[in-house]
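To convert, count from 1 in the sequence shown and add 928; that's our numbering.
Cβ coordinates follow ideal geometry from the N, Cα and C atoms, glycine included.
Data block below; observations after.
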Amino acid sequence: TPGGQGGAGQGGANQAAGNPDTGSNEVYRLQAIGHVHIFTDTDQAWGDKAVYDIDQAVMVMTGKAMKMVTPQDVLTARDTMEYYSQTRVSIGRGDATVTTNDGRQIRADVLVGYSAPAAQPAKDGPAKGAPASGTPAKPGSDPLTSSGKLEKVNAFGHVFVRTQTETVTGDRGVYVPDTGIARIVGNVHITRGQNQINGAAAIVNMHTGIATMTERPGARVSGLVVPNESNPAPGTNAAHGSSAATPGKAAR
């Protein structure tokens, strides 16, 4: 019985483990090897190998070209993709990327996603694929369907954000898909064409494509504006404490 819930008690489980002829051994881990494809009504995931720990409700996927596709986003990672169904946390490690349907993208060494609880079925009838009457669903029994829409993404290491007009890099970041707002901190660089400004933190509106550089109190934003560049300098609309840039020269 997954998670050790229901069925025989501890003594019965031990007896079953000691007698292979009973056919009642407990399944505690599932492994899928080769061309792994995991899917629900709305989401799909691909990889070379997947391991699902039933007791801990944790799935870890490895391999080449790992990818998870949802109605809103595409998630990829190079090293591992992990999902913790009890807490609805997904982790991509190694050049992890979230790309939205309209081309917005955030990338980092590690991305940690937090999802909302899955929508509850209507009270007037069971949802498609629901267990038969009298058989309650076990929490965490499905590594994908136990969560809903992505609510927040934390990014760690070599953070890269791409909008329609700018790229923003930094050390750490937080992205909220519903608002389209990302906050990037630590050695931040905003680049538009050949123009670039540098500071400690930036707010990026991925719906409008506008990135605003901010600074610590008393510090200043620095930047370089190239002459004859058709686009205005990135993030200068609210660069607190910065002075106007001389064309072709760094501004501080």
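In the DSSP assignment, H965 falls within the unbroken beta strand (DSSP E) covering 957 to 967.
When Cβ pairs closer than 8 angstroms are counted between the two stretches, the region 1122 to 1141 is seen to touch the region 1091 to 1099, the count reaching three or more. Assignment of P1045 by DSSP, reduced to helix, strand and coil, places it in the strand class. Judged by beta-carbon spacing, A985 lies within the 8 angstroms limit of S1013, meaning their Cβ atoms are closer than that value. Here I1112 really is in contact with A1129; their C-beta atoms are around 7 angstroms apart, less than 8 angstroms. Residue pairing by DSSP puts V1040 in a beta bridge opposite I1019, N1082. Around the C-beta of R957, fewer than 16 other C-beta atoms lie within 10 Å, and the residue is accordingly described as exposed. For the beta strand (DSSP E) assignment, the uninterrupted runs of no fewer than 3 residues enclosed by the region 1071 to 1156 are, from N- to C-terminal side, 1075 to 1090, 1095 to 1104, 1109 to 1120, 1123 to 1133, 1138 to 1142, 1150 to 1152.
K992 sits in coil when the DSSP states are folded into three classes, being neither helix nor strand.
When secondary structure is reduced to three states using DSSP, A1005 falls in the strand class.
V964 and M989 have their C-alpha atoms spaced approximately 9 angstroms apart. Between the alpha carbons of N953 and M987 lies a distance of about 21 angstroms.
When R1021, V955, N1029 are compared, the shortest CA-CA separation from V1040 is found for R1021. In this structure, DSSP gives E1010 an extended state, which the three-state scheme calls strand. Of the candidates V955, T1142, Q1124, the residue whose Cα lies closest to the Cα of G1151 is Q1124. I966 is classed as buried because its beta carbon has at least 16 other beta carbons within 10 Å across all chains shown. Residue state for G975 is assigned as strand, using DSSP reduced to three classes.
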